[in-house]
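Residue 12 is where the sequence shown starts when you use this note's numbering, and the numbers rise one by one after that.
Glycine included, C-beta positions come from ideal geometry on N, C-alpha and C.
Remarks on the structure that follows.
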Amino acid sequence: MQPQRHLLITGGAGFIGSHVVRRMVLRYPHYRITNLDKLTYAGNLENLRDVEDKPNYQFIRGDIADPVFVMNLFVTHRFDGVIHLAAESHVDRSILEPDDFVATNVLGTVNLLNAARVVWERDTRCRFHHVSTDEVFGSLGDTGFFNEQTPYDPRSPYAASKASSDFFVRAYGHTYGLPYVITNCSNNYGPNQFPEKLIPLAINNVRHLKPVPIYGRGQNVRDWLYVEDHAEAIDLVFHKAPNAATYTIGGSNALRNIEVVRKLCAIMDEKLQRPPGTSEQLITFVADRPGHDYRYAIDSTKIRTELGWVPRTSFEEGLRKTIDWYLNNTDWLDHVTSGEYLHYFERMYANR
Ligand code: NAD
Ligand code: TYD
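The following block contains the structure:
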């Protein structure tokens, strides 16, 4: 008999969360999967249309920053596992308005930890998987990699809120015996990502022949990982990692922003049958992000050797799949970019 479990996945209507929910619902039909999401601007149930009718899946709309709601939810449903992805996730927004990042990322995480602590009573069959970011480690120079031993040095309000939540998870493990694991992953890309982040923003702007903003001179480096490879890593860590383990996860694919956007423009020209070089002319260098971290790169040796995880998708393949998805889902793009979308960019650039 396969074990029955009831997993709470928070933030499942967002970018990475939707891929994690889909994977868990389809791979573990004997589990019950509850997706808790506030449906902020970044959450969208269209991301889960193909699994919403599955008998092992349910969606609950709610705010993790509400402690009474969260406690009642745990007491009612008695989840035995949590994969926690709900967050405010965009660095530029955290620079503009940090308060929501404290409410959701810090206090929301603590509310979940409090509820899990009360309901689980140190039961080691339960597990709290906190999904975090490499940005907690700060910024690298031209060489070196982040790994599980790298000291924390968060430098944006987003990174500070995620670092704080990581510390709370560890502290609850140490102090109250709460069973947990933490993963710190590099930049993800793929379908369903809100087009405020570099890759989907560039795809959407190129599609409309609008300028593609590159902060500073485009020399900053990010380590890109295809989102389904991240979902696979989360699945492995949740099921196989020892208690209190942490893993750094990356695509071994560190690129300068300008390289990423040039590659994207070349593929877009091909897909949209535009003369080569058309999209690249849209690249526009703009004022740099305040406090912009220079370089992120991840050493994933631990998850590779302990759990056998490898990123399966090359950047070329992942970028092509991503561009195809956005070009085939222009209704989704038009829907999420209606409303407040343009006002956010006006406010962000007005502050630079
Ligand atoms: P996202 O912004 O696309 O989605 C976040 C989801 O959380 C949305 O569905 C939103 O509605 C929900 N949410 C926000 N506030 C909430 C609240 N108070 N209560 C309940 N739900 C709420 O984010 P993402 O890019 O999918 O990131 C998911 C997680 O992975 C985050 O914790 C993020 O820090 C982490 N992470 C992201 C990346 C990346 O490159 N995107 C890399 C590493 C780690
Ligand atoms: P982003 O997708 O916001 O992810 P993060 O800040 O979490 O790494 O940005 C990725 C990189 O691209 C980062 O160095 C900032 C840069 N960037 C631009 O140059 N232009 C843009 O319009 C955006 C959104 C990001």
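Kindly indicate which three-state DSSP category residue i falls into: helix, strand or coil?
i	result
H250	helix
F383	This structure does not reach residue 383, given that the chain is present from 12 up to 363, and the question cannot be answered.
R233	strand
H346	helix
R166	coil
G92	strand
L50	coil
I44	strand
P224	strand
N199	strand
F26	helix
R4	Because the chain spans 12 through 363 in this model, residue 4 falls outside it and cannot be assessed.
R285	coil
I75	coil
By the DSSP assignment, the beta strand (DSSP E) with residue i in it spans what residues?
i	result
Y191	191 to 196
S143	138 to 144
F70	68 to 72
R267	265 to 267
Y258	257 to 260
I20	16 to 21
Quick check on this structure: which residue in the options has the alpha carbon closest to the alpha carbon of residue i?
i	options	result
N362	V32, E108, V62	E108
D366	P40, G22, Q15	With the chain running from 12 to 363 in the structure shown, residue 366 is simply not present.
L56	F70, T333, R43	F70
F148	Q160, G54, Q292, V93	Q160
E311	G261, E291, I269, F326	It should be noted that the sequence gives Ser, not Glu, for residue 311. The residue with the shortest Cα to Cα distance from S311 is G261.
D153	D304, E317, I314	D304
G155	S263, T324, V32, R331	S263
G329	D280, R300, W235	W235
H219	I225, Y226, P211	P211
Answer with buried or exposed for residue i, where buried requires no fewer than 16 other C-beta atoms within 10 angstroms of its C-beta.
i	result
L353	exposed
T341	exposed
L124	buried
H30	buried
Q284	exposed
E243	buried
F157	buried
R233	buried
Could you give the residue range of the alpha helix (DSSP H) that holds residue i?
i	result
V129	120 to 131
Y360	352 to 361
S105	102 to 107
V217	209 to 218
Between residue i and the ligand HEM, is there a pair consisting of the residue's CB and a ligand heavy atom that are separated by less than 7 Å?
i	result
A24	This structure lacks the ligand HEM; its bound ligands are the ligand NAD and the ligand TYD.
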